[in-house]
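Shown next, in structure tokens, is the structure this report addresses.
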Amino acid sequence: SAVISQKPSRDICQRGTSLTIQCQVDSQVTMMFWYRQQPGQSLTLIATANQGSEATYESGFVIDKFPISRPNLTFSTLTVSNMSPEDSSIYLCSIQGAQGTQYFGPGTRLLVL
Amino acid sequence: GQQLNQSPQSMFIQEGEDVSMNCTSSSIFNTWLWYKQDPGEGPVLLIALYKAGELTSNGRLTAQFGITRKDSFLNISASIPSDVGIYFCAGQEGTNAGKSTFGDGTTLTVKP
Chain A
13 SAVISQKPSR
23 DICQRGTSLT
33 IQCQVDSQVT
43 MMFWYRQQPG
53 QSLTLIATAN
63 QGSEATYESG
73 FVIDKFPISR
83 PNLTFSTLTV
93 SNMSPEDSSI
103 YLCSIQGAQG
113 TQYFGPGTRL
123 LVL
Chain B
249 GQQLNQSPQS
259 MFIQEGEDVS
269 MNCTSSSIFN
279 TWLWYKQDPG
289 EGPVLLIALY
299 KAGELTSNGR
309 LTAQFGITRK
319 DSFLNISASI
329 PSDVGIYFCA
339 GQEGTNAGKS
349 TFGDGTTLTV
359 KP
């Protein structure tokens, strides 16, 4: 399977600021996804990021809060804008593999003070 | 949207024991996936299931796609300390949709 890396691995941010998380894959992939995992919780899909088109957001998530870029088939970014303590979570990048499988990056651990 | 109920929420077992956990859905799924997440890491795919009734093994792990297509089971035989972690089921409604709905996870603790 592809190797997925995320930067930063963790960060502590002040409320009201924004953080951009990068996801890099070592091979070209069509579909990339961004998930949020709140403390002690399961994974919730934020959006699907496709190259060449706008991201598709799930219910409860909006582009103004979580703008996403997908400039090519190996890279995507997720920005968490105007952060509040409720945004403290693990943010996970994911790619679609063969036969509907999904593979995840190591995650970005965000703490907002 | 679809809901996934995963149980049990947590398990405390002795090393060497077998473990069983399951997920049920309000919707029919075409794909079931089982993941393990260690602390500080992303989920790692353990087993993927594609057909109703399918039984697939990965070492000491065995998972089954329920015949109703609304449930799945994961069994771990002869547990060892490194089995500790959170196990998630995930289901997909479409074929190759890529988008997965995740269960709430089962936290497994193995006592040596």
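Going down the list, the sequences are from chains A and B.
Under our numbering, think of the first position of the first sequence as 13, with each following residue one higher.
Under our numbering, think of the first position of the second sequence as 249, with each following residue one higher.
Even glycine gets a Cβ: it sits at the ideal position worked out from N, Cα and C.
Cβ contact annotation for residue 109 of chain A (same chain, cutoff 7 Å, sequence separation greater than five): 13 and 115, in chain order.
Residue 288 of chain B carries a coil assignment under DSSP once its states are collapsed to helix, strand and coil. Under a criterion of Cβ atoms nearer than 9 Å, the residues of chain A adjacent to residue 340 of chain B are, in order, 112 and 114. Under the Cβ distance rule, residue 351 of chain B counts among the residues neighbouring chain A, one pair being separated by less than 8 Å.
DSSP places residue 112 of chain A within a helical segment (H, G or I) once states are collapsed to three. Here the alpha carbon of residue 100 of chain A sits roughly 8 Å from the alpha carbon of residue 51 of chain A.
Three or more Cβ pairs drawn from the segment 271-291 of chain B and the segment 305-319 of chain B lie within less than 8 Å of each other, which places the two stretches in contact.
By the criterion of at least three beta-carbon pairs nearer than 8 Å, the segment 263-277 of chain B is in contact with the segment 327-344 of chain B. Just so you know, the alpha carbons of residue 317 of chain B and residue 278 of chain B end up roughly 7 Å apart. Sequence-distant partners of residue 123 of chain A (beyond 5 residues in either direction) whose C-beta falls short of 6 Å from its own C-beta, in its chain, are 24 and 100. The beta carbon of residue 32 of chain A lies closer than 6 Å to those of 89 and 91 in the same chain, with the five residues before and after it left out. For residue 347 of chain B, the nearest beta carbon of chain A is closer than 8 Å to its own beta carbon.
Annotation for residue 37 of chain A: the continuous beta strand (DSSP E) segment containing it runs 31-37. For residue 296 of chain B, the residues of chain A that pass the 8 Å Cβ criterion are 111, 112 and 113, in the order they occur in the chain. At a C-beta separation below 7 Å, residue 57 of chain A has these neighbours in chain B: 347. In terms of Cβ geometry, residue 96 of chain A and residue 30 of chain A do not form a close pair [threshold 8 Å].
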